[in-house]
Ligand code: RIB
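Numbering (my numbering), first residue to last: 1 to 301.
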């Protein structure tokens, strides 16, 4: 079984700020740092650092070659990433506030230049039983999902960032749906209340997509799982957050590596919760993602 993550690669420009800039406001930031990022790249790196053999597919411009280096150093196969001459690498402008929160402005760049020909060439290297991991930062997702499903690949969808394009996807082909509470609310067409039981929300999502196992992350309220036959609940691990960027991506990569590697759902959820807790204590996206050895050696609870 091989894992293919077909997704974005971004240059993250992260600005440290006292508070998020408001409408009409001009704000002096305290620091600017540049990191490797993109939900796709982050999830590939998390999968690889969790011990899963992973291939990344996507596109960058010539200004983003260092992103390939970061993927390779984590052990990710980058032979399915195209380097384009005529377009810039995607980037993100990230404000990172004092309490560790962030807000993100995206520029799609090369992430929006995926062609069906590239998708065909990439998918031809995979077969039934292999796993495809997707987010919502590249174009041609409906085509990629449909073709991968025809090949018998298992499809993991993290519909992030959530927008109307998600509803145009062949969602019935999804085997694993990984969402946070905001995305869950948008999919269910109602607000998910903070006091609501996460397992009830996961059950409602599973009812909506009966073929999919649902993993719902709830921030400091932990995470819940429902695949129709099993349910599981995991508490969040308490840490002092300095930067929450890529915490969700870290959770996704470690959770998938846990279950695809043969562990139980509960073990995978605990591993993922610990990995993402470590990630929020470090600055940046990809560089904040720990290795499996670091997660296992970590003493946090
Ligand atoms: O999930 C975090 C990521 O979202 C960042 O690395 C940024 O590039 C955006 O894609």
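Backbone N, C-alpha and C fix where the C-beta goes; we use that ideal spot for every residue, glycine too.
Do you know how far the Cα of residue j is from the Cα of residue i?
i: residue 202; j: residue 136; result: 20 Å
i: residue 284; j: residue 176; result: 27 Å
i: residue 41; j: residue 111; result: 11 Å
i: residue 268; j: residue 258; result: 4 Å
i: residue 231; j: residue 192; result: 19 Å
i: residue 145; j: residue 162; result: 17 Å
i: residue 264; j: residue 51; result: 16 Å
i: residue 249; j: residue 24; result: 32 Å
i: residue 293; j: residue 45; result: 14 Å
i: residue 185; j: residue 216; result: 11 Å
i: residue 106; j: residue 3; result: 26 Å
i: residue 19; j: residue 220; result: 21 Å
i: residue 91; j: residue 9; result: 8 Å
i: residue 222; j: residue 179; result: 12 Å
Is any non-hydrogen atom of ligand 1 found closer than 8 Å to the C-beta of residue i, if you look at the structure I gave you?
i: residue 8; result: yes
i: residue 38; result: yes
i: residue 191; result: no
i: residue 163; result: no
i: residue 35; result: yes
i: residue 309; result: Within the shown structure, residues of the chain are numbered from 1 to 301, placing residue 309 beyond reach of any answer.
i: residue 115; result: no
i: residue 92; result: yes
i: residue 286; result: yes
i: residue 219; result: no
i: residue 152; result: no
i: residue 70; result: no
i: residue 137; result: yes
Could you pull the DSSP bridge partners for residue i from this structure?
i: residue 154; result: 131
i: residue 35; result: 12
i: residue 3; result: 54 and 131
i: residue 214; result: 177 and 226
i: residue 60; result: 83
i: residue 18; result: Beta-bridge pairing links residue 18 to no other residue.
List the whole-angstrom C-beta distance separating residue i from residue j, where the pair is believed to meet the contact cut-off of C-beta under 8 Å.
i: residue 168; j: residue 147; result: The pair is not a contact, with the Cβ atoms about 16 Å apart (cut-off 8 Å).
i: residue 36; j: residue 286; result: 4 Å
i: residue 241; j: residue 100; result: 3 Å
i: residue 138; j: residue 7; result: 6 Å
i: residue 160; j: residue 39; result: 6 Å
Alpha helix (DSSP H) runs contained entirely in the stretch 81 to 123, provided each spans 4 or more residues: 116 to 123
Runs of beta strand (DSSP E) lying entirely within the stretch 217 to 289, each at least 3 residues, in chain order: 223 to 226 and 231 to 234
Complete runs of the alpha helix (DSSP H) confined to the stretch 187 to 214 [at least 4 residues]: 198 to 208
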